[in-house]
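Residue numbers (this note's numbering): 75 to 729. Here is the structure we will look at, set down as structure tokens.
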Ligand code: WTA
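Next up, the structure:
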């Protein structure tokens, strides 16, 4: 990682927008930056005006740091904005092009989607779901997942989507925390040719969730092909999605909600062992989504837009569902893995559906690089006109590969920095205006005040520090579900009234931002956030483990992988030593069972002690040095410096 950062900071290639792209771009006048800065509220109000409101707001912003309200007094509905308002002009336009992993293709028009959402919304109402109630969604990437989200929004219910790769315990914790009333799931989903038994996992979770009254299940495959335990329905609790839809009326007037009505909660990892439910509300969030979708992706009516994220992540919320659908786009969604059945699946999809805008993550790009350029070369991808990247810093090498092999040196690349908490993209090039530099997310979006600050909150003009956002923006999180203190402590207490991102960054002489990764105890594994404490809790939950310390290590594809140092309980040591490889596998599997495969450690090292300061804090910095094979940093504050030396020796032997 440090080599990569050094490479980043000496990067001096620059790619200005081509004149043809600039000529047709949705925004091409650089003056919009200063215009937005001179009247930020007016700038955002202009975007809010591009949504449909049932009642207009009377005030744009109320800011009582750290609490913001946007478009106060306004009433609207997110599903109305994503569906109803397009029916006149775009009723027959395809809203979703879906590909299942085995190869099925469905095209769903705005009219069809509106009908299904209305019906399912009525179905939810029949189950007793009211405005403000939480509904958990645990599904593969199938059109019904989008229907479920929009149906919640239609009746003012709050969705809480849980990524289908999470374990039953992770699902259970999230349902319990949100006190969800209904769970929407599917029998199964596909992943690399395998079936993921979602219903079975959901059953295990719901067994401990007294708040759940009903479970709605989508039949993913013909019943004859489903496994028995994914078909088992609990009488009185479970019902089939297709039956709910069949029995429901297709007229469901949208529930007009207050601009600050909660639209969803989405759990993300932080610095404690427990993921937190990030709260987003309706008016400001949608405003941020449409502004960025239109300008960053240069989205036009005729585009075929594909963001490869799953709806289990914020990228799927803002840039698969709410942004593009609120703008009436044609959106591609794909259920499965990029290398199934072959490593050219993505390029095949781009060719088949004539995708023009493609948005993916650096971890995927690094995998494509490894698989080789013969795969994209075998496909006609001339429909592409813009590429995006999100989720982690993109190394210049991957950026150049993307530019050359996917973008044919023709497509601008937008490297977009943002977070679950920010709701929408905050740092990004505007493709018709800003020359890009490989590895830099470039500049704050107009109307966003981003700064580099030092520990004490002093502004760093050129150089490194913490990335901070110094004034409120419409799509910012409104809180952490059920934990107002943590909201203040986590984001707003480093410097009062200023949003602390948890990311380190540098600004260069041209004012460009270069993101350097997390500065807290969050690891970004393949673009997914995992808390070190979460993995540590999962490890000490294993009967043999007394103590664990987890750090991030460089990984060719994932960017960062997980390394764990564990102390085995004395009583269990003999068993652990007998077959170390088997023991390591068992621990890895345990973490997978507790959290999900994304948290599976790359490497586990059994140790008899951990380096600690005299006050008893584990020195992760040293563990990182050991795990990365670097020279050891300062050990003077260590209680027992010998611990580190012996650990280092062991780790090097095993690597
Ligand atoms: C990282 C994903 C560098 C960052 C949208 C942030 C990035 C975390 C970029 C949020 C980028 C996201 N360049 N780093 N373009 N985009 N990150 O909440 O560390 O899943 O804090 O939201 O991902 O991850 P989250």
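Where a beta carbon is used, it is the ideal one built from N, C-alpha and C, also for glycine.
Would you list the one or two residues that DSSP bridges to residue i?
{"i": "residue 180", "result": "172"}
{"i": "residue 273", "result": "Per DSSP, none; premise fails for residue 273."}
{"i": "residue 491", "result": "501"}
{"i": "residue 381", "result": "433"}
{"i": "residue 234", "result": "210, 339"}
{"i": "residue 540", "result": "527, 578"}
{"i": "residue 619", "result": "642"}
{"i": "residue 778", "result": "Outside the shown range of the chain (75 to 729) lies residue 778, about which nothing can therefore be said."}
{"i": "residue 137", "result": "142"}
Please confirm whether residue i and residue j have their CB atoms less than 8 Å apart.
{"i": "residue 261", "j": "residue 272", "result": "yes"}
{"i": "residue 597", "j": "residue 636", "result": "yes"}
{"i": "residue 340", "j": "residue 434", "result": "no"}
{"i": "residue 119", "j": "residue 264", "result": "no"}
{"i": "residue 182", "j": "residue 195", "result": "no"}
{"i": "residue 117", "j": "residue 513", "result": "no"}
{"i": "residue 254", "j": "residue 208", "result": "yes"}
{"i": "residue 605", "j": "residue 345", "result": "yes"}
{"i": "residue 378", "j": "residue 406", "result": "yes"}
{"i": "residue 586", "j": "residue 574", "result": "no"}
{"i": "residue 159", "j": "residue 186", "result": "no"}
{"i": "residue 211", "j": "residue 222", "result": "yes"}
Taking all protein chains shown into account, decide if residue i is buried (16 or more other Cβ within 10 angstroms of its Cβ) or exposed.
{"i": "residue 214", "result": "buried"}
{"i": "residue 297", "result": "exposed"}
{"i": "residue 567", "result": "exposed"}
{"i": "residue 409", "result": "buried"}
{"i": "residue 498", "result": "buried"}
{"i": "residue 720", "result": "exposed"}
{"i": "residue 143", "result": "buried"}
{"i": "residue 218", "result": "buried"}
{"i": "residue 384", "result": "buried"}
{"i": "residue 342", "result": "buried"}
{"i": "residue 128", "result": "exposed"}
{"i": "residue 203", "result": "buried"}
{"i": "residue 651", "result": "exposed"}
{"i": "residue 112", "result": "exposed"}
{"i": "residue 199", "result": "buried"}
{"i": "residue 137", "result": "exposed"}
{"i": "residue 147", "result": "exposed"}
{"i": "residue 467", "result": "buried"}
{"i": "residue 240", "result": "buried"}
{"i": "residue 716", "result": "exposed"}
{"i": "residue 525", "result": "buried"}
{"i": "residue 687", "result": "exposed"}
Hey, is residue i close to ligand 1, as in C-beta under 7 Å from one of its heavy atoms?
{"i": "residue 598", "result": "yes"}
{"i": "residue 55", "result": "As shown, the chain starts at 75 and ends at 729. That puts residue 55 outside it, with no answer to give."}
{"i": "residue 589", "result": "yes"}
{"i": "residue 367", "result": "no"}
{"i": "residue 467", "result": "yes"}
{"i": "residue 491", "result": "yes"}
{"i": "residue 592", "result": "yes"}
{"i": "residue 559", "result": "no"}
{"i": "residue 262", "result": "no"}
{"i": "residue 434", "result": "no"}
{"i": "residue 577", "result": "yes"}
{"i": "residue 494", "result": "yes"}
{"i": "residue 625", "result": "no"}
{"i": "residue 498", "result": "no"}
{"i": "residue 515", "result": "yes"}
{"i": "residue 179", "result": "no"}
{"i": "residue 510", "result": "no"}
{"i": "residue 464", "result": "yes"}
{"i": "residue 342", "result": "yes"}
{"i": "residue 389", "result": "yes"}
{"i": "residue 603", "result": "yes"}
Does the beta carbon of residue i sit closer than 8 Å to a beta carbon anywhere in chain C?
{"i": "residue 283", "result": "You won't find chain C in this structure, because it holds only one protein chain."}
**Q.** Cβ contact check for the segment 619-632 and the segment 354-374: 3 or more pairs under 8 Å
**A.** no
Q. Counting Cβ pairs closer than 8 Å, one from the segment 301-317 and one from the segment 173-192, do we hit at least three?
A. no
Q.
Is it the case that the segment 658-670 contacts the segment 495-506, given that we only count it when at least three CB pairs across the two stretches are under 8 Å?
A. no
Q) Are the segment 549-563 and the segment 574-594 touching, with three or more C-beta to C-beta distances below 8 Å? A) no
Q) Does the segment 576-583 touch the segment 529-538, meaning 3 or more C-beta pairs lie closer than 8 Å? A) yes
Q. Below 8 Å, can you find three or more Cβ-Cβ pairs linking the segment 276-284 to the segment 237-249?
A. yes
Q. Are at least three pairs of beta-carbons, each pair with one atom in the segment 351-363 and one in the segment 108-128, less than 8 Å apart?
A. yes
Q. Touching or not, the segment 298-313 and the segment 328-337, by the rule of three or more beta carbon pairs under 8 Å?
A. no
(Q) Quick test of the definition: if touching needs 3 or more C-beta pairs under 8 Å, does the segment 605-622 touch the segment 639-646? (A) yes
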